[in-house]
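Following: one structure in structure tokens, then a few remarks.
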């Protein structure tokens, strides 16, 4: 096993992004094996093949980056260990399709550290000493590429908790993960889109990749049974939605004008809320000389519909 480094200290942000696109990173790994609710194999493929522009930095991403140093310091305070930045992207000749861009390395140990920041709403993910599967996959990916035998995971749950986990290298897990990654990388090499999944992210990616129709008609050969199933699912969903509405309306009738209701271990609220929106039509009538066109936001989307063709 030969591990090499590409030093990043002198890289621009764009050069760093381009380097990461050339192979699979730790944050990609969980998406590839279907364990990331925020990404999917199709998104990773579209990114690696240059079909997607870099994600805009969200507030959560910004906080995660800004608080990385804080998380590393808290880890050192809690464990007495010392850590250092590596300022490099790691590569392993056994896995030429993969790279590791690690947060920290542990001084005096054959180990690394992954720093995470998450919302208090995610606290239940850590119940009973557990942590999200995507974190585990990311750490195993790093151990595979760097050759290290242990990885620490430090998680700041904003305003609620600070948690530390120790993850041992698992060769069986690494072999399975690397097999999945090499299979995925064939889609990148061949420029073939992976299969879609149930991940909600797939719909967003497909809409981005194919934003407009071309007016043509295609034969959906072999999809008849799938469309039949879709029709049955829609009917079942409609039935469930109707029952849901019936139950909700019954409870609302029971509550009347009350704000809260209780039954056994259930608490129900039905409170007044207020939402203000701009009435463009009324504004135009009041100020006819005002040009509202520059203030309209125009966006395009493709409406997906499925209808049964009636026999004549």
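In this note's numbering, the protein residues as written are -9 to 302. Glycine included, each C-beta is placed from N, C-alpha and C at the ideal position.
- Under the three-state reduction of DSSP, residue 260 is assigned to coil, being neither helix nor strand.
- Runs of the beta strand (DSSP E) lying entirely within the stretch 73 to 131, each at least 3 residues long, are 78 to 82, 85 to 90, 94 to 96 and 101 to 108 in chain order.
- The C-alpha of residue 154 lies about 34 Å from the C-alpha of residue 257.
- Rounded to the nearest angstrom, the gap between the Cα atoms of residue 182 and residue 131 is 24 Å.
- A residue is called buried when at least 16 other Cβ atoms come within 10 angstroms of its Cβ; residue 277 does not meet this threshold and is exposed.
- Rounded to the nearest angstrom, the gap between the Cα atoms of residue 285 and residue 44 is 27 Å.
- Under the DSSP assignment, residue 34 falls in the alpha helix (DSSP H) whose first and last residues are 31 to 38.
- Per DSSP, reduced to three states, the secondary structure at residue 140 is strand.
- The beta carbons of residue 159 and residue 139 sit about 5 Å from each other, so the pair counts as a contact at 8 Å.
- Non-local C-beta neighbours of residue 57 in its own chain, meaning closer than 7 Å and more than five positions away in sequence, comprise 107 and 146, ordered along the chain.
- A straight line joining the alpha-carbon of residue 200 with that of residue 68 spans about 49 Å.
- A Cβ-Cβ separation of about 6 Å places residue 167 in contact with residue 19 under the 8 Å criterion.
- For residue 172, the CB contacts under 7 Å within the same chain, skipping 5 residues up- and downstream, are 87 in chain order.
- Here residue 189 really is in contact with residue 30; their C-beta atoms are around 4 Å apart, less than 8 Å.
- Under the three-state reduction of DSSP, residue -3 is assigned to strand.
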